[in-house]
Every structure is written in C-alpha cells, then in structure tokens.
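Quick notes on the structure that follows.
Number of protein chains: 2
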Amino acid sequence: MPQSSPALFDEVCQYVRQSSLLASVSAVLEWDERTKMPAAGAEHRADQTTLLSGMIHQRWTDEAFVAKVSELAAGPLVEGVDGETAVTIRRLKRLVDKKTKLPRSLVEELARTAVLGQSAWEQARRENNFAHFQPWLAKTFELKGQQAEALGYKQSPYDALLDDYEPEELTANVGRVLADLREQLVGLVAAIRASGRQPDRSLLSRNYPIDVQESFGKEAAAAGGFDFTRGRLDVTAHPFCTTLGPHDCRITTRYDEHFFNAAFFGILHEAGHGIYEQGLPPDRFGMPLGEAISLGIHESQSRMWENLVGRSRAFWQHFYPTAQKRFRAALGGTSLDAFYFAINDVRPSLIRVEADEATYNLHILIRFEMEQALLSGDLSAADAPAAWNDKYRQYLGIAPDRDAEGVLQDVHWSAGLVGYFPTYTLGNLYAAQFFATADQELGGLHAQFARGEFQPLRDWLREKIHRHGQHYSAAELVKQVTGRELSSTPLLAQLRAKYGEIYGI
Amino acid sequence: MPQSSPALFDEVCQYVRQSSLLASVSAVLEWDERTKMPAAGAEHRADQTTLLSGMIHQRWTDEAFVAKVSELAAGPLVEGVDGETAVTIRRLKRLVDKKTKLPRSLVEELARTAVLGQSAWEQARRENNFAHFQPWLAKTFELKGQQAEALGYKQSPYDALLDDYEPEELTANVGRVLADLREQLVGLVAAIRASGRQPDRSLLSRNYPIDVQESFGKEAAAAGGFDFTRGRLDVTAHPFCTTLGPHDCRITTRYDEHFFNAAFFGILHEAGHGIYEQGLPPDRFGMPLGEAISLGIHESQSRMWENLVGRSRAFWQHFYPTAQKRFRAALGGTSLDAFYFAINDVRPSLIRVEADEATYNLHILIRFEMEQALLSGDLSAADAPAAWNDKYRQYLGIAPDRDAEGVLQDVHWSAGLVGYFPTYTLGNLYAAQFFATADQELGGLHAQFARGEFQPLRDWLREKIHRHGQHYSAAELVKQVTGRELSSTPLLAQLRAKYGEIYGI
Chain S
0 MPQSSPALFD EVCQYVRQSS LLASVSAVLE WDERTKMPAA GAEHRADQTT LLSGMIHQRW
60 TDEAFVAKVS ELAAGPLVEG VDGETAVTIR RLKRLVDKKT KLPRSLVEEL ARTAVLGQSA
120 WEQARRENNF AHFQPWLAKT FELKGQQAEA LGYKQSPYDA LLDDYEPEEL TANVGRVLAD
180 LREQLVGLVA AIRASGRQPD RSLLSRNYPI DVQESFGKEA AAAGGFDFTR GRLDVTAHPF
240 CTTLGPHDCR ITTRYDEHFF NAAFFGILHE AGHGIYEQGL PPDRFGMPLG EAISLGIHES
300 QSRMWENLVG RSRAFWQHFY PTAQKRFRAA LGGTSLDAFY FAINDVRPSL IRVEADEATY
360 NLHILIRFEM EQALLSGDLS AADAPAAWND KYRQYLGIAP DRDAEGVLQD VHWSAGLVGY
420 FPTYTLGNLY AAQFFATADQ ELGGLHAQFA RGEFQPLRDW LREKIHRHGQ HYSAAELVKQ
480 VTGRELSSTP LLAQLRAKYG EIYGI
Chain Y
0 MPQSSPALFD EVCQYVRQSS LLASVSAVLE WDERTKMPAA GAEHRADQTT LLSGMIHQRW
60 TDEAFVAKVS ELAAGPLVEG VDGETAVTIR RLKRLVDKKT KLPRSLVEEL ARTAVLGQSA
120 WEQARRENNF AHFQPWLAKT FELKGQQAEA LGYKQSPYDA LLDDYEPEEL TANVGRVLAD
180 LREQLVGLVA AIRASGRQPD RSLLSRNYPI DVQESFGKEA AAAGGFDFTR GRLDVTAHPF
240 CTTLGPHDCR ITTRYDEHFF NAAFFGILHE AGHGIYEQGL PPDRFGMPLG EAISLGIHES
300 QSRMWENLVG RSRAFWQHFY PTAQKRFRAA LGGTSLDAFY FAINDVRPSL IRVEADEATY
360 NLHILIRFEM EQALLSGDLS AADAPAAWND KYRQYLGIAP DRDAEGVLQD VHWSAGLVGY
420 FPTYTLGNLY AAQFFATADQ ELGGLHAQFA RGEFQPLRDW LREKIHRHGQ HYSAAELVKQ
480 VTGRELSSTP LLAQLRAKYG EIYGI
C-alpha cells in the first residue's frame, strides 16, 4: 500500500532530524578541537570526525531516502504552495540533488586535493614560493569546473559554486552590484587618503588586560542580545561561531593584550552570528526552517553588530565611559573623539583580515574577479600572482612585495572554497540595506544606541530575518524586508556619511 | 569459502575499534556536558547521547558480529594460548555475552527504573522522606536480581553484579577480605578516638585563592606524572576523569576558596586515574588490551596518588615549602606538623564522600553488606533505614538523625549501580598492597618523595600495571605484581603505621 504524502513527509522529517542530530555531534567535536583539545589529541579527533562525516554523508545519499524526497518533491504537498511543508520539501530536494549529483570519484578527488593542496599552500606561504602551490591552484579550479558542470547552473559555471554558500544567487547579479560598489569605493578610499587626516592608532596598542577585555566584550555582546544562558565565549586561534544544539551556540575569540580591536570587535562579530543562530526557531532545529539561509545573510548579521553598531559613534557614546573605567590606564586620558577615530581608521593595506570597513570590500572584489577568471580559464594559475598584484595596485594603490602577503594569503582556494569570498561583501551590502530599513522603521537607531538600547534592533532582526530560517531565499528576504532588490546604494551611503564626517570629505 | 581465523580476527578487531571510536565521541559529549555546556543545552545533549548509545549498543549486539566473536572463541586462536590474540578474544566474548544475555525487556525496565528511581531519590533526599524512595529501592533490587539470574554466576547472584565493575571477582573473596578489614578497622578507629589528640582543622579553611589552588594542583599532578600535553584540567560539579582518545585524558575538580582539601586531593585523585589511563598502550586504544581492567584497579591508582603519596609526610616535606610560598596568608605561619596532622585528621562522620582515609572503608563495608542482604531478600527495602543506622552505630559509633544523611545519601542504588561500592575499598586494598611491593622493590619510596622524586613510582606502576590493559584480571595482576593474593594486611599495616605515629597509639 503506498504511503500517504503526509505520512511520508513525517518520516522524511524524522530521518533528516536524526541526520542533523549526528551533524550537531560533529559540531561538538569541532568546537572542542578548536578551543580545548590538547594538540596530542588531533589524530584521534580526525578519526572521530571522519567516522561521523561518513555516516552523515551516507544518510544523505541513502537511496531509499533520496527516493522518498523525490517522491515528495513530485507530489501534491509541494505544488504551488508556499507553506512550511512545501518550502521544506523544496529545500530538502535541493540538498539531496546537490549531494547526489556529484560522482563519487569527483568528491573523493576534491577531498584529496583539498588536503594535499592545503599542505602545499602552507609550505608555499611559509617559504614565499608560489611555484610550490601553482599546480594545486590549477588543479583545484579544474576540479571546481568539473563540479560546476556536474551540478549544473543557470548562466555561468560560477553560479553552481556560489550556490554552495549563497543558494539560488546568480553570479551576474552579484557581479553587477559589486561592480557598482567598486567604482564608487575606489574613489571614496582615494578621497580618504587625500584628506591627509590620520588618527592616533597607537592608543589601541596600549595595555588592555585580557581578563578585562573578556568581561567587557561579554558585556557588549550581551547588550546586543547574545544570550549567554544559551551560549558561551571561549578562546581559539581562528575565531568562529558554531551551533551545537538549539540552545547551545558558542562564540570564540583571541586576545592580544596590546591591541584592543582584535578581541572586542571579533567578539561583536561572532556575537552577531550567534544572535542570528539563537534567533532561528529552536523547534525547527536541524530542518531547513531552523537553519540560516546563506553565508551572506549570516555575515550581514555579524557585520551589522561589529561595524554598523559596534563602530558607530552612538555605540561609544553609551559604552565609552565604561571602557574608560575598565581600561583606566589605557583610555582614562583619551577623548571619545580620538578613540572613535582610531577604531575607524581607513587605510589601504595588503592583508584582507586586517582591513578596515571600507577597504575590506576591495579585497573581496579582487578575489571574486580572479575566481571567475581562473574558473573560466581567462586567467591561468601561473599568471595569478601578477594579476593579484595588478588589481591591488589598481583598486588600493599598493601591491605586495611577497606572494605570501599576496595571492598566497588566504586559505580558501587551497581548501577548495571557491565562490565563498563574495559572501563577505554580500554580508556588508545586506547589512547596510537592512540597517537603513530598520533605522527608518524603528525611528533613529543611533539615538537608541546612545541610550544603551540595542534590544529594538535585535527584536526587529529576529522578527524580520532570524525566525524565518530558510523560508525565503536571501534575495527574497532582502526584497521582502527592505522593499527593494539588493543594491550598493545603502552601503555606499553609510560609508560616505560616516567617513565624510570623520575625514571631512 | 570459510574465512581463516586470523582474517576473521582482524575483521572483528576493526569492527570493535570502530565501536570504540563511536564510544569515544560519546565521551567528548559527556565531558563537555559536565564542564562547559550551558545548562540550556541539556535536552539536545541528551538526544545526542541517546542516539550514539543506541548506535553503539546496536553494534555490540549485531547478530553477525556476535556470531563472528563466538566463532573466534570456539576456534583455534583462543585455545590454551595466553598471547594477545587469545586474551582479546576471551575478553570480547565476555563482553558480547553480557550484552546479549539480558532480555531487551529487562534492559529497558532497568533503564526506565534508573531514570524514575533517581528522580524519586532526589525528591526523597530533598524532603528527607525515605518512604518516597522505598518502592524504587525494592524494585531496583528486584530487577538487579533478575539481571543476575539472566547473566548467570558462579556462587552467588551478587557475583554477576560485581562482575560489571570488577570482572571475574567473586563476592566470597571480597567478603572475606573486607570482613578481616572490618574487624581490625573498627578497633583502630576506636583507638584513634580514644587517643584524645585532635588537629587544628580550621587551618584548612583559611583563604586559598582559587587560581593558586589551580596552578599548585597542576604542579603536583604533573610531578606525579600526569602529562598535561596529553590531557587537561577543568572545573565541574562532581569531579571525574575521562578519556577522549589515546592521547587525550581529561581530569576535573571543583574549588572551594575556603577549603584546601577538596580541590587539591581531588586533583591528585583524578590525576591518579589519569596517569593510569595515560599509561595504557595507545596503539591498543578501544581494544581490551588498551583499557583498564577494573574499577578496583582504577581506584587503586587514584587512591595511591591521593593518599599514599599525597597525604604522606614525605610528600609534604618536598611540597610544603612551595605551598607556604604560594598560600602565604594561609600557611606562612603554620608548621609542617600542624598541616600534616590537619590533612590526616581521622574522625567518624556520617557522609561517605567526606570521610577520611581510615573510616572511609567502614562506610563502604556498610553498603556492601546491605547490598547483599537487599539482593538476597534477607533485608527488605522497608527495613533499610534502620539497618543502615544500626551498622553506623556498630562500626562508627555514630548514627544519622535524618535518612537524607543516612540511607538516602548516595546516588548509586537509585541509578541501578549495585555491586559498585566495594570497588572503592578494593581500590584502597590494592593500592596498599601494590605500594608495599613498590616500596620494597624501589627501595624507600618516602625518601624519594621527600626529594621530589615521583617518577620511579610512576614508571613502576606503568611497567607493572598500566601497560597490561586487560591482559590479566585484577586478581591475576595482584598476584603477579605482589606475589600474593589480595589481603587486608598491607592496608591495615599502612594505616596502623601512619596513625600510630600521628595519634601516638
């Protein structure tokens, strides 16, 4: 007797929840590995995570399960409906398709190349020797091209890769918005440099005791709405945010006693991710409607709390007196203006992860453009270092002397993460567009921040964005929340307003 | 074509290693739950651990696997040989038999009773109302009786339960040694009380800053041989030691700023467990030869470092000057003699976990005797409180006013852990017997401790005990290492020598 569609749907949901439960176990292992595990435990931990990954992959590609999802996707539950069931089925079908379309041999070759490529990249960067990485760069993009063909795409092969991080987004759309941004941004950064104004950045390198950084950072994260009864903050080498369960979200940071920014803005950034995760519906945990929609939307939440809130003058109107009390030796005699300027210093630099709010996007543009050229074959791996340096000269007015600080600086390509970079700038764009709408609807966010009121913004984000999980695609969400398509206008307006005042331009 | 025995053995080992790998993932989840997890994560964590437990149980009871183990156990590899392969097969066969002999309905009823029984026990203890727990106590022992019958036993049903914690040990043997101990110990404790001497215990309640307790405790644990490059120390509510992988062993403690003993001796105790775990052969991880032989032997290692080392005068001859420097306000003006007497204070008390080195064993004897009576039906659940109080009066000269501090004080029975208690005192007995042999063979351990030399003892324990895993049963190991059967003589001699000097008796 054939199963009724609702019964089949329940069965599939139950199965997916179990797969997600297993994935959340992997998240515990990874969190521990990156925050607590003694280094000697690494080999066994790799065995543990490999075992779980295999089990999870096997569940997602299990023939009977795949057949059930296909049956649901072709059945009455999904037709023309926009309710939770229909959306869930469509999202599951997309996931299953992606996982089953890639031939096993390609998956294995990609995995092997990522491991060996990363090892080659590490050595190449250490020795400042691009030639050592070059064949792996070529091979990675060749395999990513095969991946794109196997997955299929609407317009360009890059679409298929972008889809892993920004589902349903198209390269052409992103390219259009980022090209707009580049044109305006290059001019803005040049004008900032021409202004001649420079803050006293040295005040950020005074002594900031680590225990005080921790308590002050937690206070600010909690003010923004990160719920420490459902999460925690730990120390790691490369900060991240991870979710271990519907009520267990963990953020991480690293402290430098002689640099205020690293931990403080890092904590706000990860707390922004965490606030999104904590705002997803707990009763949909592990199902599409309980998960973040895209990396770009995720990044919009972290960038919003880090930059649009945390680097605003209003935020510090509220927090600076406390900061002065806590870091009396460092900030007791420093004015709010001097501090505010120092944390908003803009200057072209070579290293993406150290870049400021404005120039950061130019670093991303360079990578986004190069990825497309490497994938299409317009750029060869051998020519990548020169292309990199040319673009840095063109967009930022500076270029690295060493490939280790140039084309070799990021781990992404060696790890097979192609199509990931644009989500960072998409995050900035979404954030500015959401923030502008929130500012209108809530009536003056900066005035609220200056009074220490961050709850209205958080509640608005929860209502408009977080609680929907994957109900809407990123593009649908932006349209629905802000009333218009994604555009570079809000981000440019925000940067112009802020830096216009600071640099007098 | 039938598989050759060596090929079958390899296949079984591979399978068991995978099961153990999964179990080690569970260990990560449990460690995190008890040290780091926000309380709100508990429900999801329970889902995660239930999923893994189910998978692990299913692997151990898988029909094809069970058949393979039985085939090996009946085959040529196991006959009359004492090599690694034969021992491994015999241990696996024992494990599989125990896991398959219990009917599923009984396993489920035991699990259900443990959950509900613990909840009833918590309430009963909170409200000091034994009647609320009484039916659960009766039911637990009834089910444990069924468990014993299903598993089978050599002489008495209690053997089958004891076997879960002290494999292959017999109740009659344990009973004989513990009865010897009781006769002598009751007299010794009475003599100590009659001596009239009492230390100034208040010095242990001075201010001991927690961060100093932590660093000093780690220093002492490392001196004993706990390898912090393959482990760590964290804070928890109920301290434990757990192994997450062959090179990842974690100990835990809890700090009380106004009580020195809790964390310091707790750390030494858990470090003793950890030193054993770290001494097991890493390349046999997850296989019988890479695992501890019994709870009693495990406890012998923790008790040895906590008491025979950590509470010895020689240990403090080395460490006390450092302690005085670190805890200057608390100990700067206190003599070594006064401190040594305070940490070795003996006095009958009502609560097992707070008892001293001598009276502790009487607490265990009471529970061991009562467990046997409850299991055989000689004692009814209704009569348990009165029996408890009678025994306390008889052995310790005191009795509780409230059942909450009497028969309701321990979690074990409510959790279905019957047969577990004697392993605590077996640990003390083994420890004293091993220590006496080590002292002879290494030539004066106390003189070494006084010079800060703990490595010879650790290396001796590694060579004689740790590296063997489950190659020998506990009884075989004791015989092999010390040349004689387990006896109460070494422990009594050690207690008499120590307290004879301290109390002048």
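Those protein sequences? They're chains S and Y, same order as listed. Each residue of the first sequence is one higher than the one before, starting from 0 at the first, in numbering that gives the first Met the number 0. Each residue of the second sequence is one higher than the one before, starting from 0 at the first, in numbering that gives the first Met the number 0. Where is the CB? At the ideal position from N, CA and C, for every residue including glycine.
Only Leu243, Gly244, Pro245, His246 and Asp247 from the region 243–254 of chain Y bring a Cβ to less than 8 Å from some Cβ of chain S. Taken in chain order, the complete alpha helix (DSSP H) segments of 4 residues or longer contained in the region 268–330 of chain Y are 294–302, 312–325 and 327–330. Each residue's CA atom was taken as its position, placing Leu395/S and Pro347/S some 6 Å apart. In the three-state scheme derived from DSSP, where H, G and I count as helix and E and B as strand, Val234/S is classed as strand. Closest in C-alpha terms to Asp210/Y, from the list Ile296/Y, Phe326/Y and Gln316/Y, comes Phe326/Y.
In the structure shown, Asp9/S falls within a helical segment according to DSSP collapsed to helix, strand and coil. At a cut-off of 8 Å between beta-carbon atoms, Ser23/Y makes contact with chain S.
Residue-level contact check: Gly230/Y touches chain S, since one or more beta carbons of chain S fall below 8 Å from its beta carbon. Counting only runs of 4+ residues, the alpha helix (DSSP H) found wholly inside the region 71–118 of chain S occupies 83–100, in chain order. Gly468/Y places its beta carbon 8 Å or farther from that of Leu294/Y.
Bridge pairing for Ile342/Y: absent [DSSP].
Identification of residues in the region 285–297 of chain S having a C-beta nearer than 7 Å to some C-beta of chain Y yields an empty set.
Contact note: Gln17/Y reaches chain S through Leu50, using a C-beta cutoff of 8 Å and chain order.
Within the DSSP bridge table, the entry for Thr242/Y names Cys248/Y as partners. Burial check for Gly332/Y: the Cβ neighbour count within 10 Å stays below 16, so the residue is exposed.
Straight through space, the alpha carbons of Leu180/S and Ala385/S are spaced by roughly 24 Å.
Taken in chain order, the whole alpha helix (DSSP H) runs of length 4 or more contained in the region 166–222 of chain Y are 170–194. In the three-state reduction of the DSSP assignment, His43/Y falls in the helix class, which pools H, G and I. The beta carbon of Pro489/S sits closer than 7 Å to those of Ala431, Gln432 and Ala435, all from its chain and outside the five residues before and after it, given in chain order. In terms of beta-carbon proximity, Gly174/Y stays away from the interface with chain S, with every pair separated by 8 Å or more. Taken through DSSP and simplified to helix, strand or coil, Arg483/Y comes out as coil.
The three-state secondary structure of Phe129/Y, taken from DSSP, is helix. Taking 8 Å as the cut-off, the Cβ atoms of Ala39/Y and Asp247/S count as close.
Around the beta carbon of Glu484/S, a 10 Å sphere encloses fewer than 16 other beta carbons of the protein chains shown; the residue is thus reported as exposed. Taking C-beta atoms as the reference points, Glu165/Y and Thr422/Y count as a pair closer than 8 Å. The residues Glu165, Glu168, Ile292, Ser293, Gly295 and Ile296, in chain order, have a CB closer than 7 Å to that of Ala473/Y in the same chain once the five nearest residues on each side in sequence are set aside. With contacts defined as CB atoms closer than 8 Å, Leu407/S and Ala113/S fail to qualify as a contacting pair.
Judged by DSSP in its simplified three-state form, Phe259/Y adopts helix.
When C-beta distances to chain S are compared with 8 Å, the residues of the region 36–62 of chain Y below that value are Met36, Pro37, Ala38, Ala39, Gly40, Glu42, His43, Arg44, Asp46, Gln47, Leu50 and Leu51, in chain order. No Cβ-Cβ contact shorter than 8 Å links Gln183/Y with Asp226/Y.
Chain order gives the chain S residues near Leu28/Y as Val24 and Val27, where near means a beta carbon separation below 8 Å. Close to Asp402/Y, with beta-carbon spacing below 7 Å, lies no residue of chain S; the smallest spacing is near 35 Å.
Burial check for Asp31/S: the Cβ neighbour count within 10 Å reaches 16 or more, so the residue is buried. For Tyr502/S, the enclosing alpha helix (DSSP H) starts and ends at Thr488 to Tyr502. Listed along chain Y, the residues sitting closer than 7 Å to Leu20/S by beta-carbon distance are Asp46, Gln47 and Leu50. Looking at the backbone, the Cα of Trp412/Y and that of Phe258/S are separated by about 55 Å.
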